[in-house]
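Report on one structure; see the data block that follows.
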Amino acid sequence: MSIIVIGSRRISATVAKRNKDVDDSIEKFLSNKNYVMGLDIEWSLSRDSEGVTRSKIPILTLCDGDHCLIVQLPHLDSAPTSLCNFLQLPDYTFVVFDIARSMERLEKEYGFGCKNSANLRTMAAKFDDE
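Under my numbering, the sequence shown has 835 at position 86, and the numbering climbs by one with no breaks.
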């Protein structure tokens, strides 16, 4: 675990390469009871032997303002049950910049998504119009 200092805030960060790392961080999120979570998904592009560009989500990041979990999905044996269940909790809202595309890819590539989400792109456009 690392500590990141931003101004007066101290945020712990865990880079998860094992399911146990994910399980431990999910427990922290549940005990903090911050019901709005930042969710970010990174993609990588690569070309296969036929020159076709393929993408795979290598990193999923969750943050509640006190703790960030950076999940290296390709390093895990399978999608952690704790992560799949956490993303389905009805009391939590996950804010993402481009939710539709992110959730579609996550579902397609790893077989899970999140129940309650808010699209920051839409929210930002509303504030920009005011």
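We put the CB at the ideal spot given by N, CA and C, even for glycine.
Please report the residue range of the beta strand (DSSP E) in which residue i lies.
i, result
"Leu818", "816-821"
"Asn865", "Taken as a continuous stretch (DSSP letters only), Asn865 belongs to no beta strand (DSSP E), as it is neither H nor E."
"Ser751", "751-755"
May I ask whether a heavy atom of the ligand PLP can be found less than 7 Å away from the beta carbon of residue i?
i, result
"Arg850", "Among the components modelled here there is no ligand, and therefore nothing to report on the ligand PLP."
Once the 5 residues before and after residue i are set aside, which same chain residues still bring their CB inside 7 Å of it?
i, result
"Arg828", "The sequence shown places Ala at residue 828, rather than the Arg named in the question. Cβ neighbours of Ala828 beyond the five flanking positions: Tyr859, Gly860, Phe861."
"Asn768", "Leu825, Asp826, Pro829"
Return the first residue and the last residue of the alpha helix (DSSP H) that residue i is part of.
i, result
"Leu788", "Taken as a continuous stretch (DSSP letters only), Leu788 belongs to no alpha helix (DSSP H), being part of the beta strand (DSSP E) at 785-796."
"Ala765", "From DSSP, Ala765 is part of no alpha helix (DSSP H) but of the beta strand (DSSP E) over 758-765."
"Phe835", "830-835"
"Ser780", "768-781"
With distances taken between CB atoms, is the gap from residue i to residue j smaller than 8 Å?
i, j, result
"Leu811", "Leu779", "no"
"Asp815", "Ile760", "yes"
"Gln837", "Lys864", "yes"
"Ile775", "Phe835", "yes"
Suppose the cutoff is 8 Å on Cβ atoms and the five residues either side in sequence are ignored; what does the same chain contact list for residue i look like?
i, result
"Lys766", "Gln821, His824, Leu825"
"Ile790", "Ile806, Ile808, Leu809, Thr810, Val845, Ser851, Arg854, Leu855"
"Trp880", "Residue 880 falls outside the range modelled here, since the chain spans only 750 to 879, and no answer is possible."
"Met750", "Ser761, Ala762, Thr763"
Excluding sequence positions up to five away, which residues of its chain have a Cβ less than 6 Å from the Cβ of residue i?
i, result
"Asp772", "Ser831"
"Asp813", "Phe778, Asn781, Asn783, Met786"
"Ile848", "Ser866, Asn868"
Give me whichever residues DSSP pairs with residue i in a beta bridge.
i, result
"Val845", "Asn868"
"Ile808", "Glu791, Gln821"
(message) Three Cβ pairs or more, each shorter than 8 Å: is that satisfied between the stretch 839-847 and the stretch 819-830?
(response) Taking 8 Å as the limit for Cβ pairs, the verdict is that the stretch 819-830 does not touch the stretch 839-847.
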